[in-house]
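These notes concern the structure reproduced below.
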Amino acid sequence: MFEEVYNKEGVSVVPVTVDRFLARQLRVHQKEGIIFLYKCVLGFQHEFGQGAILADEMGLGKTLQCIALIWILCKQGPYGGKPILKRIIIITPSSLVTNWKKEFHKWLRESRLPVYAVDKKHTVKDFIKTPKTVLIISYEMFSRSSYLLSPISFDLVVCDEGHRIKNLNIKISNVVNCLTTSRRILLTGTPIQNDLAEFFSIVDFVNPGALGSIQSFRRSYEKPIMQSRNPNCSEEEKEIGEECSEELNKVAASFMLRRTQEVINQFLPSKTEIVAFCRPTELQKKLYMHLLNTGALWKILSFASSADSSLQLVYISLLRKLCNHPSLLYSIKDLDDHHILNCIQSVFPTDYQPSPSDSGKMKVLEKMLGAFFAGSKKEKIVVVSCFTQTLNIIEELCKSKKYIYLRLDGSTATSSRQDLVDVFNRSYTKYNIFLLSSKAGGVGFNLIGASRILLYDIDWNPANDLQAMARIWRDGQKHSVYIYRLLTTGTIEEKIYQRQISKQCLSGSVLNPGAKEKLKFSHEELKDLFTFHDDSECLTHDLINCDCLNSNSLEDCDKRKDNDRERTSRKIEMEELLNWQHVCGPINNSITSDSLLASGGIDISFVFSNTINSAVNSHKKEI
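Listed below in structure tokens is the structure:
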């Protein structure tokens, strides 16, 4: 059937081979990925078209797999050996344009495959005049230059970090969808980030119509799957949802390939992930309670109107900033609601001067960096934040301690970003700290020069945090890796963390329906953002029905919970966290050999920790 469609001239079918040099560099999963992509873009794999989604988790070499496929099809093809591709366009986030160019040169060299990367010195107009085969361009530049590129017939389009076209309404999505070629590859480590409608968008781009219309998709898949995840659903609704999830996965599996980090764990050093819950300071507690007790907040929680909804977002932002550092609230001058502003200002001392000791997390960070520099001088650490203002405070801390650092955020010139990464990754460099904005540099960059990474705050979207964490634990890393996440105990940050697990569970249920569900979240719990649990050492631990007892734990968890928590916890299962080690604060050297974690002392109320020992591909519970 395929030959009738794609081999109309009836020429002889010949074997297609991978370049010998590339073949020697490829891991088994990468070879399998190339074969899968090859079958998809040639129309051999499925009935929906010639599109594919390579949805491997971060660090598995999606870029290399694409480069190898492009090289193969630029030089040969199955029908008489005639090359399939003449011109290829790769659309990527602006920060990764240079990295794509470097990867092509690394594996193929310019003389083997001419590559043109659009930047300030190299324009789209100049590309049109050149015979170069591969065009690498950012999403933003492609959107601005689409009228120049539309006359060009591209044989293949590759969209890196392709979840960017998840929104059917945004301009970039519409422009990219106008590309005429049916050979489309979308690369993403996070095909499902927030909801199934986003997944529909990326599928409909690579293989239009594969899942029907958006209306039929919502009716046939999204609605029953989401209903089955409601803790109050009936057994029938649960069964229907599971059946729909399996059916959706079966369709998607024909054109989407996803492998997890486990396929390369054996090649990587060990990874220890630590979630440290930091006690809020007295100033933070005072401000938190003042914000929660304002009449405006109680009003918007009682009456759901559009205006109240927007004000609710203001409160969420204020609470997140407060968790990072009170000075972020003190410096606010442009808040529309003067009552809230006055409420905030009234709590601060009249002679207030910001200090690291004002924030529980900043106190822990200061101690951890002190322990870091007191230890091995060969190690490097990446410190990540969602907020530029928070990076400013961390930068001031580094300056006051005379730490030598690099910084990459949204204001860093795109052309300079890869250079900063290269400098930091060098073996002999004076820079031991890399301050990173998760929005500007949390995607695509390779920071394996560092063996430790600290996420100072938490993102609503778990994919963004996972992307940031994957910067250091990936192919090429030679040292054991430590990933630290700081959360403020009992606050909105714990609620966001719990919701992250919920979103990761949604992704797992569709992409891997055989995986055991890790979390069930009640609707009421998702509304419980504006509550401060001052009496808890770790609200997340309270919610998992854990009865662990060790020398550093509090009383038996089940005995400590009040009726409300008991009622809520019955609806919540976080089975993955039950497999991690649980340690109550204070943390010290008698508990852990990790000097950075031990330095937190009494400022850490609780720790979840898990180590993947890649050498034996097993989980350890020591910290």
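Counting in full-length UniProt numbering, the sequence shown runs from 1 upward without gaps.
Glycine is no exception: its CB is placed at the ideal position from the N, C-alpha and C atoms.
Owing to the predicted nature of the structure, the values given are computational and were not obtained by experimental measurement.
Beta-carbon proximity of residue i to residue j, cut-off 9 Å
i, j, result
"residue 544", "residue 278", "no"
"residue 393", "residue 328", "yes"
"residue 227", "residue 237", "yes"
"residue 408", "residue 374", "no"
"residue 135", "residue 78", "no"
"residue 180", "residue 139", "no"
"residue 160", "residue 90", "yes"
"residue 606", "residue 584", "yes"
"residue 450", "residue 424", "yes"
"residue 205", "residue 184", "yes"
"residue 433", "residue 383", "yes"
"residue 165", "residue 201", "yes"
"residue 47", "residue 182", "no"
"residue 114", "residue 130", "yes"
"residue 490", "residue 541", "no"
"residue 294", "residue 466", "no"
Whole-angstrom distance between residue j and residue i, CA atom to CA atom
i, j, result
"residue 372", "residue 461", "29 Å"
"residue 259", "residue 45", "18 Å"
"residue 177", "residue 271", "39 Å"
"residue 647", "residue 188", "Beyond the ends of the chain as shown, which are 1 and 623, falls residue 647; an answer cannot be given."
"residue 197", "residue 262", "28 Å"
"residue 57", "residue 468", "12 Å"
"residue 347", "residue 285", "11 Å"
"residue 269", "residue 452", "12 Å"
"residue 313", "residue 530", "11 Å"
"residue 10", "residue 81", "13 Å"
"residue 380", "residue 484", "14 Å"
"residue 446", "residue 474", "8 Å"
"residue 120", "residue 548", "58 Å"
"residue 500", "residue 35", "34 Å"
"residue 252", "residue 142", "28 Å"
"residue 492", "residue 598", "25 Å"
"residue 14", "residue 248", "35 Å"
"residue 553", "residue 95", "At residue 553 the pLDDT is 42, less than 50, meaning the model places this residue with poor confidence and gives no usable figure here."
"residue 210", "residue 256", "12 Å"
"residue 406", "residue 100", "22 Å"
"residue 158", "residue 88", "8 Å"
"residue 349", "residue 595", "35 Å"
"residue 612", "residue 147", "49 Å"
"residue 487", "residue 576", "18 Å"
"residue 377", "residue 273", "22 Å"
"residue 410", "residue 12", "53 Å"
"residue 476", "residue 59", "10 Å"
Beta strand (DSSP E) segment containing residue i, residue limits
i, result
"residue 284", "Premise fails: residue 284 lies in the alpha helix (DSSP H), 282-292, not in any beta strand (DSSP E)."
"residue 51", "50-54"
"residue 45", "It is not in any beta strand (DSSP E) - residue 45 carries neither H nor E in the DSSP assignment."
"residue 273", "271-278"
"residue 646", "Outside the displayed range of the chain (1 to 623) lies residue 646, so it cannot be described from this structure."
"residue 163", "Counting along the chain, residue 163 falls outside any beta strand (DSSP E), and DSSP gives it neither H nor E."
"residue 213", "Counting along the chain, residue 213 falls outside any beta strand (DSSP E), and DSSP gives it neither H nor E."
"residue 134", "134-138"
"residue 386", "From DSSP, residue 386 is part of no beta strand (DSSP E); its letter is neither H nor E."
"residue 582", "581-584"
"residue 437", "433-437"
"residue 452", "452-455"
Endpoints, the alpha helix (DSSP H) within which residue i is located
i, result
"residue 245", "235-253"
"residue 330", "327-330"
"residue 407", "No alpha helix (DSSP H) holds residue 407; the beta strand (DSSP E) holding it covers 405-408."
"residue 353", "First-last for residue 353: undefined, no H or E at that position."
"residue 127", "124-129"
"residue 369", "360-374"
"residue 481", "First-last for residue 481: 481-488, but that is the beta strand (DSSP E), not the alpha helix (DSSP H)."
"residue 219", "Neither: residue 219 is in no alpha helix (DSSP H) and is coded neither H nor E."
"residue 596", "595-598"
"residue 469", "462-469"
"residue 425", "414-425"
**Prompt:** Which full runs of the alpha helix (DSSP H) of 4+ residues lie inside the region 71-115, going along the chain?
**Reply:** Runs of alpha helix (DSSP H) with 4 or more residues, each lying fully within the region 71-115, are found at 97-107, listed in chain order.
**Prompt:** Would you say the region 205-218 touches the region 121-136, given that touching needs at least three Cβ pairs under 8 Å?
**Reply:** Look at the beta carbons and you see the region 205-218 not touching the region 121-136: under three pairs across the two are nearer than 8 Å.
**Prompt:** How about the region 349-358 and the region 588-596: do they share at least three Cβ pairs that are nearer than 8 Å?
**Reply:** With a cut-off of 8 Å, the region 588-596 and the region 349-358 do not count as touching, because too few Cβ pairs lie within range.
**Request:** Could you tell me whether the region 431-438 touches the region 357-366, using the rule of 3 or more Cβ pairs below 8 Å?
**Result:** Counting Cβ pairs under 8 Å, fewer than three are found: no touch.
**Asked** Touching or not, the region 17-35 and the region 151-160, by the rule of three or more beta carbon pairs under 8 Å?
**Response** Counting C-beta pairs closer than 8 Å gives fewer than three between the region 17-35 and the region 151-160, which falls short of the contact rule.
**Prompt:** Hey, is the region 313-328 in contact with the region 398-412, meaning 3+ C-beta pairs nearer than 8 Å?
**Reply:** Because the criterion of three Cβ pairs below 8 Å is not met, the region 313-328 and the region 398-412 do not touch.
**Segments of 3+ residues assigned as beta strand (DSSP E) that fall wholly inside the region 173-205** = Annotation: the region 173-205 contains the following complete segments of the beta strand (DSSP E) (minimum length 3 residues), in chain order: 183-187.
**Message:** As an exercise, report each continuous alpha helix (DSSP H) stretch of at least 4 residues that is fully enclosed by the region 6-32, in chain order.
**Reply:** Taking only runs of at least 4 residues, the alpha helix (DSSP H) segments lying wholly in the region 6-32 are 20-25.
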